[in-house]
Amino acid sequence: MRRVGTVRIGISGWTYGGWRGTFYPKGLPHVGELAYASRQVDTIEINGTHYSLQRPDSFARWHDETPEDLVFAVKAPRFITHMKRLRDIATPLANFFASGILRLEEKLGPVLWQFPPRFRFSAERLDQFFTLLPRDTEAAAALSEHHDGWLAGRVWTRTGHRREVRHAIEIRHQSFLDPAFVALLRRHQVALVFADSVEWPYAEDIGADFVYLRLHGSEELYASGYSDEALDHWAARIKLWAQGLEPNDAQLIDRNAGPPRAEARDVFVYFDNDAKVRAPVDARSLRTKVDNLD
Numbered sequence: 118m119r120r121v122g123t124v125r126i127g128i129s130g131w132t133y134g135g136w137r138g139t140f141y142p143k144g145l146p147h148v149g150e151l152a153y154a155s156r157q158v159d160t161i162e163i164n165g166t167h168y169s170l171q172r173p174d175s176f177a178r179w180h181d182e183t184p185e186d187l188v189f190a191v192k193a194p195r196f197i198t199h200m201k202r203l204r205d206i207a208t209p210l211a212n213f214f215a216s217g218i219l220r221l222e223e224k225l226g227p228v229l230w231q232f233p234p235r236f237r238f239s240a241e242r243l244d245q246f247f248t249l250l251p252r253d254t255e256a257a258a259a260l261s262e263h264h265d266g267w268l269a270g271r272v273w274t275r276t277g278h279r280r281e282v283r284h285a286i287e288i289r290h291q292s293f294l295d296p297a298f299v300a301l302l303r304r305h306q307v308a309l310v311f312a313d314s315v316e317w318p319y320a321e322d323i324g325a326d327f328v329y330l331r332l333h334g335s336e337e338l339y340a341s342g343y344s345d346e347a348l349d350h351w352a353a354r355i356k357l358w359a360q361g362l363e364p365n366d367a368q369l370i371d372r373n374a375g376p377p378r379a380e381a382r383d384v385f386v387y388f389d390n391d392a393k394v395r396a397p398v399d400a401r402s403l404r405t406k407v408d409n410l411d
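Read left to right, the sequence shown gives residues 118 to 411 (the numbering used here).
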């Protein structure tokens, strides 16, 4: 019997007004929403980190409010990806890792780097960026020591244990559909986000020892849900990826390279179709379908 990696299925964020009284029980205080959501799924993306640097005490609180086996993905700052566009980012990168994400400790999952729609593929710029990324929590702690002075008093620059730090990138420009991009991902062991959407390019080339899948909505971006048939489709693919395999009909940028050899892969799945309260419903339905494939 083949080994199977850990499959985690969850949601992108947890603070949505439309979920109150629908997904969240009526009368649940806003401060209790993460505790509730984290007991319905087994992984959650932290989205606030994309828009501004958070504080160490926030990460500590998120760690303490959630179950022991929950894992957070952390969405990296748009200041680095959208504004700086990966140029002169050594200090902003240090600021991000100093902001407190190491306080997640064993609950720190992949770091998600999302590029803007007009960001084009540049092998040189990406190679430099990937080289800067810390690959474990000790390296992240060392990097965080180089944070800006204005952050003094609100930083966390240490880790209790050395743990792997994984990175995934989400593309939104057709120029990334280039075999050179796949080769770069594999050389640096960075995962390509398999982003199911109606607007952006989609590919399933495996770049690292894990898979990162974001489901933005099957028909309407951020809003439409997934049919029973669609969830069956994703469950079957997730099972293959977790076994270290690849679907026969995988949508690949580089069809000549073949997938990296693996006995098993961890798979992280996030539903981002939150506008109509579909994300938590679809996440729980997909969890059941994946479990029933055992």
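Beta carbons are placed, not taken as given, at the ideal position from N, Cα and C, and that holds for glycine.
Fair warning: this is a prediction, and the values are worked out from it, not measured in the lab.
Query                                                                                                                                                                     : Result
Which residues in the same chain have their Cβ closer than 6 Å to the Cβ of serine 216, if we skip the five residues on either side of it in sequence?                    : Leu170, Gln171
Can you tell me whether DSSP reads serine 292 as helix, strand or coil?                                                                                                   : helix
Could you tell me the distance, in whole angstroms, from the CA atom of alanine 308 to the CA atom of glycine 266?                                                        : 32 Å
Between which two residues does the alpha helix (DSSP H) harbouring arginine 242 extend?                                                                                  : 240-249
Just verifying my parser: in three-state terms, what is the DSSP assignment at lysine 192?                                                                                : strand
Is the separation between the beta-carbon of histidine 305 and that of phenylalanine 213 shorter than 8 Å?                                                                : no
Say whether the stretch 324-332 touches the stretch 374-387, bearing in mind that this needs 3 or more beta-carbon pairs closer than 8 Å, one atom from each stretch.     : yes
Answer yes or no: do aspartate 321 and glutamine 360 have a C-beta to C-beta separation smaller than 8 Å?                                                                 : One point to set straight first is that residue 321 is glutamate, not aspartate, in the sequence displayed. Going by C-beta atoms, glutamate 321 is not nearer than 8 Å to glutamine 360.
Would you decide whether glycine 270 is buried or exposed? Buried here means 16 or more other CB atoms lie within 10 Å of its CB.                                         : exposed
Between which two residues does the alpha helix (DSSP H) containing isoleucine 355 stretch?                                                                               : 345-359
Take the Cβ of lysine 143 as the centre, count every other Cβ of all protein chains shown within 10 Å, and call the residue buried at 16 or more, exposed below.          : exposed
Alanine 374 and valine 299 - do their beta-carbons sit closer together than 8 Å?                                                                                          : yes
Identify the residues that DSSP records as bridge partners of tryptophan 230: which are they?                                                                             : Ile286
Report, in whole angstroms, the separation of the C-beta atoms of lysine 192 and leucine 229, which I expect to be a contact under 8 Å.                                   : 5 Å
Could you give the first and the last residue of the continuous alpha helix (DSSP H) run that contains glutamate 255?                                                     : 254-261
Helix, strand or coil for serine 402 per DSSP?                                                                                                                            : helix
Tell me the DSSP secondary structure of arginine 125 in three-state form.                                                                                                 : strand
Decide if arginine 220 is buried, meaning its Cβ has at least 16 other Cβ atoms within 10 Å, or exposed.                                                                  : buried
Assuming contact is defined by CB atoms lying nearer than 8 Å, are proline 233 and arginine 280 in contact in what I supplied?                                            : no
Closest to serine 344 by C-alpha separation, out of Arg303, Ala396, Trp131, would be which residue?                                                                       : Ala396
Would you mind sorting histidine 278 into buried or exposed? The rule is 16 or more other CB atoms within 10 Å of its CB.                                                 : exposed
For valine 407, which of helix, strand or coil comes out of DSSP?                                                                                                         : helix
Tell me, to the nearest whole angstrom, how far the beta carbon of phenylalanine 238 is from that of aspartate 295; I am working on the premise that it is less than 8 Å. : 6 Å
DSSP has threonine 160 in a bridge; who is on the other side?                                                                                                             : Val188
Identify the continuous beta strand (DSSP E) that holds tyrosine 329 and give its terminal residues.                                                                      : 327-332
Which residue marks the beginning of the alpha helix (DSSP H) containing leucine 210, and which one marks its end?                                                        : 207-215
Is the CB of isoleucine 161 under 8 Å away from at least one CB in chain B?                                                                                               : Looking for chain B here will not work: only one protein chain is present.
Rounded to whole angstroms, what's the CA-CA distance from tyrosine 153 to tyrosine 168? Just pull it up for me.                                                          : 24 Å
Terminal residues of the continuous alpha helix (DSSP H) containing tyrosine 168?                                                                                         : 165-168
Taking C-alpha atoms, which residue in Trp351, Glu380, Ala379, Arg378 lies nearest to aspartate 366?                                                                      : Trp351
Decide if threonine 254 is buried, meaning its Cβ has at least 16 other Cβ atoms within 10 Å, or exposed.                                                                 : buried
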